[in-house]
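*Asks:* In my numbering, the protein residues as written are 42 to 304.
Even glycine gets a Cβ: it sits at the ideal position worked out from N, Cα and C.
This structure is a prediction, so every number in the text was calculated from the model and none was measured.
1) Have a look at 124, 131 and 138 and flag the residue whose alpha-carbon is nearest the alpha-carbon of residue 240.
2) With residue 300 as the anchor, note down where its alpha helix (DSSP H) starts and where it stops.
3) What would DSSP say about residue 152, mapped onto helix, strand or coil?
4) Looking only at C-alpha atoms, which of 183, 276, 45 and 248 sits nearest to residue 154?
5) Express the C-alpha separation of residue 212 and residue 290 in angstroms, rounding to a whole number.
6) If you drop the 5 nearest sequence neighbours on each side, which residues of the same chain put their C-beta closer than 6 Å to that of residue 173?
7) By alpha-carbon positions, which one of 266, 302, 258 and 271 ends up nearest to residue 285?
8) Could you please give the first and the last residue of the uninterrupted alpha helix (DSSP H) stretch that includes residue 58?
9) So is residue 312 buried or exposed if we call it buried at 16+ other beta carbons inside 10 Å?
10) Would you identify the three-state DSSP class for residue 285, choosing helix, strand or coil?
11) Suppose the cutoff is 7 Å on Cβ atoms and the five residues either side in sequence are ignored; what does the same chain contact list for residue 141 look like?
12) Counting pairs of beta carbons, one from the region 179-188 and one from the region 67-76, are three or more of them closer than 8 Å?
13) Using only the alpha-carbon positions, how far apart do residue 263 and residue 235 sit?
14) Write down the C-beta distance between residue 192 and residue 113 rounded to the nearest angstrom, noting that I regard them as a contact closer than 8 Å.
15) Quick one: any contact between the region 293-300 and the region 216-225, if contact means 3 or more CB pairs under 8 Å?
16) Measure the C-alpha to C-alpha separation of residue 136 and residue 126 and round it to an integer number of angstroms.
17) From this set, 271, 101, 217 and 266, which residue's C-alpha is nearest residue 278's C-alpha?
18) Would you report the Cα separation of residue 68 and residue 168, rounded to the nearest angstrom?
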């Protein structure tokens, strides 16, 4: 129990393997369609033009789907990957805090000479490490298909960093919610609901000026606005996400350190 970081990594290594296999399969299957898409520019242009703007805003710049970066952005990084990685982060974030109370294992943890702040920090770092490994392997999967895609691997790495950050953000939200309530259902439901709502806000801001002023509260704005696959990371957006995560973990410690855990 002296090193919760290592223990948490060990506990989730098997589950991570299954998620990784799924993502690698997605990498290989989706990218295998790119050569066909590239050979049919006229058909793809008709396909893009047939899409209503009300739908296309959720899936990135459809007009660039004929390029490697545009194809990956539309098919994977606009919707599929963010929500898959966020789902994993929320699952881990919920289980490592609220799950300990649900499974009645929290009394074993706090009976050891470890501060609650240390418990939160080590479990958060373990979650962040798992997500980082997850994102690295996703990137490595694209390295394997470089002969097919010929994508800029440096920009792709920056996109995967953005993906890791937004996943860690919502994983941290689930840690915070679990720290306050100790309820896995609330932690998962609130974090997942917040992810969906903020995703909608970011898309609606592109459709209506009425939502323009509130797009800045959506972490998806900071994830996608710089279009990292083409332009690399926006440093200001990167720092905002990092700072937000740090604040969320600070609040998690604040609420958790004195809460009655019922043991």
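*Replies:* According to the structure data:
1) Residue numbering aside, residue 240 sits at position 199 when the chain shown is read from its first letter. Sorting 124, 131 and 138 by C-alpha distance to the C-alpha of residue 240 places 124 at the top.
2) Numbered from 1 along the chain shown, position 259 holds the residue referred to as residue 300. Careful: residue 300 lies outside any alpha helix (DSSP H) and carries neither H nor E.
3) Taking the chain shown and counting its residues from 1, the one referred to as residue 152 is at position 111. Reduced to three states, the DSSP call for residue 152 is coil.
4) In the chain shown, the residue the question calls residue 154 occupies position 113. Of the listed residues, the one whose Cα sits closest to residue 154 is 45.
5) Translated into the one-based positions of the chain shown, residue 290 becomes position 249. Translated into the one-based positions of the chain shown, residue 212 becomes position 171. Straight-line Cα distance between these residues: approximately 10 Å.
6) Start at 1 with the first residue of the chain shown, and residue 173 comes out as number 132. Excluding sequence neighbours, residue 173 sits near 205.
7) Numbered from its first residue, the chain shown carries residue 285 at position 244. Cα-wise, what sits closest to residue 285 is 258.
8) Translated into the one-based positions of the chain shown, residue 58 becomes position 17. Taken as a continuous stretch (DSSP letters only), the alpha helix (DSSP H) holding residue 58 covers 45-72.
9) Since the first and last residues shown for the chain are 42 and 304, residue 312 lies out of range.
10) Here residue 285 refers to the residue found at position 244 of the chain shown. It is helical.
11) As a first step, residue 141 must be located in the chain shown, where it is residue number 100. Cβ neighbours of residue 141 beyond the five flanking positions: 147 and 150.
12) yes
13) For this step, residue 263 is matched to residue 222 along the chain shown. For this step, residue 235 is matched to residue 194 along the chain shown. Distance between the alpha carbons of residue 263 and residue 235: 15 Å.
14) Along the chain shown, read from residue 1 onward, the residue named residue 192 stands at position 151. Along the chain shown, read from residue 1 onward, the residue named residue 113 stands at position 72. Their Cβ separation, rounded to whole angstroms, is 7 Å, which keeps residue 192 and residue 113 in contact under 8 Å.
15) Contact holds between the region 293-300 and the region 216-225, because three or more Cβ pairs, one in each stretch, are under 8 Å apart.
16) Counting from one through the chain shown, the residue named residue 136 turns up at place 95. Counting from one through the chain shown, the residue named residue 126 turns up at place 85. Going from the Cα of residue 136 to the Cα of residue 126 covers about 16 Å.
17) The sequence position of residue 278 within the chain shown is 237, counting from 1. Residue 266 is the option with its Cα nearest to residue 278.
18) In the chain shown, counting from the first residue as 1, residue 68 sits at position 27. In the chain shown, counting from the first residue as 1, residue 168 sits at position 127. Computed Cα separation, rounded: 23 Å.
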